[in-house]
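Report on the structure given below.
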Amino acid sequence: MPFRSPYEQADIFCQKIYSKAKEEDKIPQSKPLVTLTFAQTLDAKISAAKNAKTKLSCEESMILTHHLRTIHDGILVGVGTILIDNPRLNEPSLLSTVNNPIPIILDTNLRIPTDAKILHYHKTDSAAKAPIVVCGPSNAHSQKKKEVEGCGARVICIDPSECDAEGRPLIPSILKALKSVGIKSVMVEGGANVIGSFLDCSASSGVPIVDVLIVTISPKIIGSRGTGASDQATLASHPSGLDLKDPVYEQFGTDIICASVLAP
Ligand SMILES: NC(=O)c1ccc[n+]([C@@H]2O[C@H](COP(=O)([O-])OP(=O)(O)OC[C@H]3O[C@@H](n4cnc5c(N)ncnc54)[C@H](OP(=O)(O)O)[C@@H]3O)[C@@H](O)[C@H]2O)c1
Numbered sequence: 001m002p003f004r005s006p007y008e009q010a011d012i013f014c015q016k017i018y019s020k021a022k023e024e025d026k027i028p029q030s031k032p033l034v035t036l037t038f039a040q041t042l043d044a045k046i047s048a049a050k051n052a053k054t055k056l057s058c059e060e061s062m063i064l065t066h067h068l069r070t071i072h073d074g075i076l077v078g079v080g081t082i083l084i085d086n087p088r089l090n091e092p093s094l095l096s097t098v099n100n101p102i103p104i105i106l107d108t109n110l111r112i113p114t115d116a117k118i119l120h121y122h123k124t125d126s127a128a129k130a131p132i133v134v135c136g137p138s139n140a141h142s143q144k145k146k147e148v149e150g151c152g153a154r155v156i157c158i159d160p161s162e163c164d165a166e167g168r169p170l171i172p173s174i175l176k177a178l179k180s181v182g183i184k185s186v187m188v189e190g191g192a193n194v195i196g197s198f199l200d201c202s203a204s205s206g207v208p209i210v211d212v213l214i215v216t217i218s219p220k221i222i223g224s225r226g227t228g229a230s231d232q233a234t235l236a237s238h239p240s241g242l243d244l245k246d247p248v249y250e251q252f253g254t255d256i257i258c259a260s261v262l263a264p
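First residue of the sequence shown: 1, per full-length UniProt numbering; consecutive thereafter.
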């Protein structure tokens with residue numbers, strides 16, 4: 001096989017996966033295309049311990065992750081990841097030349113600290129975009145909402161009728177709200193609770209919620225202290241598990257990437 005740089009490999013891999021997803025031609029108009037992606041160990045852990053930030057991906061699979069970010073309009077995480085990892089979700093080395101996605105945070109009660117990196121990074125790099133924070137109805141007129149908006153973020157409050165019994169916005173309502181502000185594709189990056197919600201919603205809704213699943217498998221074993229990728233997914237509607245359709249496997253550096261569409 002001719003030599004390919006990891007950048008070329010990532011580009012070719014994504015073309016293959018997304019042309020397949022588009023062929024399926026079943027992405028509802030009411031929601032963006034959704035890619036659910038995370039890095040896990042051989043024993044399916046996404047972090048070394050609860051509340052721990054853990055580097056799992058090798059350099060080559062990180063290049064794939066960066067490439068994926070550039071082909072989506074938004075990158076979504078839960079507030080738990082902000083509180084633990086404090087990420088910027090924007091990588092300066094790739095920002096200047098290509099599409100920069102909008103960071104999106106699911107945060108029902110606006111627990112995000114006002115000094116979180118993600119709220120301020122767009123002010124230091126003109127190529128970076130200001131984040132969107134999706135919250136529940138109790139924050140529609142709160143002081144914290146004003147403070148978060150004061151950092152330059154857009155805060156979207158979901159209507160009570162589109163939230164669960166605890167007031168947490170439902171995934172289809174979040175996706176509808178994101179589509180209505182122009183987000184046509186979103187890359188969901190975790191953490192465990194958000195992965196669980198997207199998997200459960202995809203399994204139970206009968207219509208596709210997650211269009212593409214991309215899992216990086218790192219040659220590492222963490223053991224029982226780690227947080228499992230699907231610890232928060234009950235998959236109650238699928239007692240024998242959720243099937244992946246036509247999975248594609250490819251090695252990036254020392255990691256294996258598994259990509260597939262989810263069968264609802
Ligand atoms: N390996 C990887 O690829 C990867 C990627 C990202 C993160 N991580 C790891 O994951 C860990 C964090 O996971 P986490 O579970 O604590 O946090 P998380 O999934 O990032 O955030 C969970 C929080 O998001 C909020 N949320 C709002 N709407 C939600 C919805 N519909 N479904 C689920 N959550 C919703 C909830 O708080 P409210 O109820 O207050 O809104 C919830 O507690 C960290 O250790 C981090 O390093 C790993």
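Backbone N, C-alpha and C fix where the C-beta goes; we use that ideal spot for every residue, glycine too.
Fewer than three Cβ pairs drawn from the segment 69-83 and the segment 242-249 lie within less than 8 Å of each other, which leaves the two stretches out of contact. If you keep only unbroken beta strand (DSSP E) runs of at least 3 residues inside the segment 37-64, you get 45-47. By the CB criterion at 8 Å, residue 104 and residue 82 fall outside the cutoff. Assigned with DSSP and collapsed to three states, residue 69 falls in helix.
Under the DSSP definition of a beta bridge, residue 228 partners with 45. Three or more Cβ pairs closer than 8 Å define a contact, and the segment 181-193 meets that threshold against the segment 31-51. Going by beta carbons, residue 129 and residue 122 fall inside the 8 Å limit. In the same chain as residue 50, and ignoring 5 residues on each side of it, the C-beta atoms closer than 7 Å to its own belong to 227, in chain order. In this structure, 214 is the residue among 155, 198, 77, 214 with its C-alpha nearest to the C-alpha of residue 256.
The straight-line gap separating the alpha-carbon atoms of residue 168 and residue 137 is approximately 9 Å. DSSP lists no beta-bridge partner residue for residue 119.
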